[in-house]
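Notes follow the structure.
Chains as they are written, first to last, in this note's numbering: chain L, 4 to 603; chain W, 5 to 601.
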């Protein structure tokens, strides 16, 4: 599966530094105590320049021509040992602080993401984006975890090391240090040039890898179709092309990396010979000693040691920044209907609904220039306790009206009023206690039926659940289940039939005891007995409540108090079933043809 | 009706004893290397060059100190020539060493990716040769993962392998060199190698537990997030956003705890593995001073000793990555081997079924079944089926939920094995169209022809018959329109019509429709079924249906009850004579009859 990068990534292209700064702003724990951590890392790095310094001291003062001063060397070694251990403790603290701060920060970022994604509007939650959203909270955050565990740590430790070594070099002899830096300078140019190619190569690897994996999944999913039509061989050769492409780009990236990796070492031999040559030429006159030159030589090797590791973590760093950018893109996406700043409480009693000159359109996609109008200037008044059926072809605006009333979206213009209050001023909690939606494909969580019912009301007692079952006349059905209300429904409720899932959804809705009920009728066919039970439960559930049904079966429309026929976001016909039938308009034609099709 | 899914579980690795672990690792490496031995040999040669050059470079350091630096600051002084030659030697060794690295890394990459390619293609060819019923008892994602991520995990061990062999070479050569330079100090220094290796192994074992539990938590988190986002409509409808975030936060917190524990352990390990060589080096300098006093060593010897020791301990820090890769690779390899070792299941067609291509003189029988019993697992879903369908017939299979309609259709399609009885199919050109149409994220042309060389006219004709031509034309890009994730999105009914068009474009002679038109509105459905008759008089169609209007279009109806044929007659006759059938049809019509009440 490929994770599409579309979600707002293009809206605001940030540079790497801006991205990191924005990331720290979103997850403050990442930056907390960073200065102390770096200080500890610097002390830790000091442990790694100890050996060159000890060598210099030993050669110049302890091993001076002829005599070996054992006492001096012993003292030197003891001091060095203590320094090394002290540095090790500092480094340990630095590594732990960085790692645990990163985990704390990433935890915060994850929770921010969960919260934000749950509050995104439904338009941002469509099928195509589902995989991408899950990808943000898992694989994208994982790239950051991996970065802090390896790349980030390497940057911190190695940058501190290079800094400390550079300081030590300057302290020993600034002329030699400048010589060393001058010889190393071209390496930076080489690194930048090759690094660009490496990053591009790794981009290619990622694209080809994702392509290969999704093609594999698709081929295996399509095995029945491919076998049925004898098309397995061509499908396999497509996969072979994809795996070959992936190998080729991976090997290429590997070769670029292979040349980059030892570049630090190659430069260090050149630097060492230059340093030794110039050091020797300047000689004692410049205040140099043999020990200092040896120590300097060791420092030079140390200075370039981290280059190899840098070339290893470049790709990881790039991936992490891209991951962070995508995560921030989600957080930049505005959340769905915004909560009211000054909420108004809904009045008690049954609620009526009014749509006043409501228009709605989806924001145009990239490839479209004009927005698609779903509703334009629609006015509709639904008195309390009325049962209204919305009828019309797909795309006529039925679902949009239901979503606007449930405040799963806000109208582009106009007002939706419920119980006399503008929906925008109703607090979400208040609304959810008074209004419930039963979606077309009722979603169940992989747990028991009871768990799914309590999703509506976490505090509902067993008795309350039982009462709900009895009220909807479903006790007979529950009795047929192996564990009654404790029956596990399986992933997405798959252990139940489509009709049974509907029943759970109705029970769940009834636990809210809503004043307004919005029913998106299921299209899937169910067996006769389930059909009878469902119809009965539905009737019970909607009794006395303001009910808006999105009717796919015209039998539902026929049972409603009022039928509204929609086409292209406009009300075409509005009245009782009998009225509309008598009018012999479009509705009656639809009804006749539906009747004919379901009859023999 | 709990859907049975056999999930192939990855076997837990028998890593109780280190010997066992060693043997398992050795077998894994041997097996993986055997695919592309040449690359491995070149990579290891590069590694050997690198290891040798590393040891020799310490000799260069000794030369620089003893022949250049010390004389320069001593009484003798140093000539330009000496400096120049020494520099050339140092640079030469450095370049050779770098070349070794380039060869090692390049060929390790070739080895890894070429092996992944070979293995992935082999796995995919194998699973694609398994019959449909084999696939049905498995999860698609799991099977695809064997060729994809599992294969990649298995070969991941190949990347650090040449480097590890070079470390082994390095340790032996450097150890010898150190001992030769100074037996006493050398012995002391080489004792540190096994100590650091042991530290690595101990750390790896301890930290593995935390990484593993972190991995489990991550899996759980990903599953829960998927569920929560899938059900976002319900979450919003019940105002449960905060509760759901809280649920996910609890799992995230557990993940964080496991990871932080691993970091705690790791920071101690890293500090130890960094400090140990430094401490040993300090000791070496102290002891070395004594050796210099006794005249057993020069300052250059001691410096090269310290230099070499530092160089050798550097890779010892990284060797832990190899250990950490091993369990991951092993489980990937196991999962790959599980599918490869599974023998190919027989195709259902090979048992008790014969395909007799119709000859012009014989009676054109398309399906003939005699006493056929078949089902999933050990239970028969259809029993004692006797059926004869002639060319040009349309047969509707009708029955209550669970009566075996789909199973019977799949037996005819050759997706399910016959347990006993016999079946003759009069053509090899059978097209089965499922209720859930499968489309590839490819062009419409590819989806209709599946790489066969079908001309556009045929494809358009098929689209016309399936009532799909109109909406395809409306898309405006014709047959080259891309479908799927990045292309046109289609409704369920449109997908079903394309799948039907595919069967027609393939030129099938026996068309099997498993509720294929269920997502169409009744009028379009009727139109599609009528078109089939005009399209080809000789086309034989068997369809599973539940809409009375659809059933009425079939020439005859096969009424199934509990897996047995209850009746086989015309729809009108059955309605008139069969009480059970009448009850079933009125149940289908229930929706309509309710209006009257």
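By construction, the Cβ of each residue, glycine as well, lies at the ideal position given by its N, Cα and C atoms.
Integer-rounded CB distance, given that residue j should sit under 8 Å from residue i
i                     : j                     : result
residue 218 (chain W) : residue 259 (chain W) : 6 Å
residue 373 (chain W) : residue 391 (chain W) : 4 Å
residue 325 (chain L) : residue 59 (chain L)  : With a Cβ gap of about 45 Å, residue 325 (chain L) and residue 59 (chain L) do not count as contacting.
residue 554 (chain L) : residue 327 (chain L) : So it is not a contact: roughly 47 Å between Cβ atoms.
residue 431 (chain L) : residue 511 (chain L) : Not really, about 18 Å apart at Cβ, beyond 8 Å.
Pairwise C-alpha distance: residue j and residue i
i                     : j                     : result
residue 369 (chain L) : residue 203 (chain L) : Unreliable placement is indicated for residue 369 (chain L), whose pLDDT of 48 sits below 50; the coordinate value is still reported in the next sentence. About 26 Å.
residue 579 (chain L) : residue 355 (chain L) : 18 Å
residue 312 (chain W) : residue 91 (chain W)  : 18 Å
residue 590 (chain L) : residue 597 (chain L) : 10 Å
residue 29 (chain L)  : residue 338 (chain L) : 16 Å
residue 24 (chain W)  : residue 339 (chain W) : 19 Å
residue 346 (chain W) : residue 130 (chain W) : 9 Å
residue 408 (chain W) : residue 32 (chain W)  : 47 Å
residue 530 (chain L) : residue 502 (chain L) : 8 Å
residue 272 (chain W) : residue 95 (chain L)  : 6 Å
residue 146 (chain W) : residue 495 (chain L) : 18 Å
residue 315 (chain L) : residue 153 (chain L) : 10 Å
residue 405 (chain L) : residue 119 (chain L) : 23 Å
residue 101 (chain L) : residue 275 (chain W) : 14 Å
residue 89 (chain W)  : residue 53 (chain L)  : 30 Å
residue 277 (chain L) : residue 182 (chain L) : 8 Å
residue 194 (chain W) : residue 282 (chain W) : 14 Å
residue 134 (chain W) : residue 115 (chain W) : 29 Å
residue 505 (chain W) : residue 225 (chain W) : 41 Å
Interface partners of residue i on chain W, CB under 9 Å
i                     : result
residue 237 (chain L) : 454, 455 and 456
residue 394 (chain L) : Within 9 Å Cβ-Cβ: nothing; residue 394 (chain L) doesn't reach chain W, min ~13 Å.
residue 604 (chain L) : This structure does not reach residue 604 (chain L), given that chain L is present from 4 up to 603, and the question cannot be answered.
residue 292 (chain L) : 77
Residue interval of the beta strand (DSSP E) (run including residue i)
i                     : result
residue 565 (chain W) : 560–565
residue 573 (chain L) : 573–578
residue 426 (chain W) : 422–429
residue 362 (chain L) : 356–365
residue 453 (chain L) : Counting along the chain, residue 453 (chain L) falls outside any beta strand (DSSP E), though it belongs to the alpha helix (DSSP H) covering 452–457.
residue 385 (chain W) : Run containing residue 385 (chain W): none; DSSP gives neither H nor E here.
Residue interval of the alpha helix (DSSP H) (run including residue i)
i                     : result
residue 431 (chain L) : 431–437
residue 301 (chain W) : Looking at the DSSP string, residue 301 (chain W) is not in any alpha helix (DSSP H), and its letter there is neither H nor E.
residue 404 (chain W) : Residue 404 (chain W) -> no alpha helix (DSSP H), and no H or E assigned at all.
residue 490 (chain L) : Residue 490 (chain L) -> no alpha helix (DSSP H), and no H or E assigned at all.
residue 435 (chain W) : That residue, residue 435 (chain W), is in no alpha helix (DSSP H); its beta strand (DSSP E) goes 434–437.
residue 121 (chain W) : 84–132
residue 468 (chain W) : 460–469
residue 524 (chain W) : No alpha helix (DSSP H) holds residue 524 (chain W); DSSP gives it neither H nor E.
residue 516 (chain W) : No alpha helix (DSSP H) contains residue 516 (chain W), which is instead part of the beta strand (DSSP E) from 514–518.
residue 474 (chain W) : 473–479
residue 141 (chain L) : Unbroken run through residue 141 (chain L): none, as it is neither H nor E.
Contact list for residue i against chain W, beta-carbon separation under 7 Å
i                     : result
residue 276 (chain L) : 91, 94 and 95
residue 489 (chain L) : Those within 7 Å of residue 489 (chain L) in chain W number zero; the least Cβ separation is about 15 Å.
Listed by chain order, chain W residues near residue i by CB distance under 8 Å
i                     : result
residue 483 (chain L) : Those do not exist, as residue 483 (chain L) stays about 12 Å from chain W at its closest Cβ, beyond 8 Å.
residue 182 (chain L) : Ordered by position in chain W, no residue passes the 8 Å Cβ test against residue 182 (chain L), which lies about 14 Å from the chain.
residue 596 (chain L) : 526 and 527
residue 76 (chain L)  : 289, 290 and 293
Contact list for residue i against chain L, beta-carbon separation under 7 Å
i                     : result
residue 268 (chain W) : 99
Kindly provide the ranges of any alpha helix (DSSP H) runs that are 4 or more residues long and lie completely inside the stretch 208–287 of chain L, ordered along the chain. 226–231, 235–263 and 266–285
Uninterrupted alpha helix (DSSP H) stretches inside the stretch 564–590 of chain W (no shorter than 4 residues): 575–581
Only counting runs of 4 or more residues, tell me where the alpha helix (DSSP H) segments fall wholly within the stretch 538–578 of chain L, in order along the chain. 557–562
Contained alpha helix (DSSP H) runs [length at least 4] in the stretch 378–432 of chain L, N- to C-terminal order: 401–408
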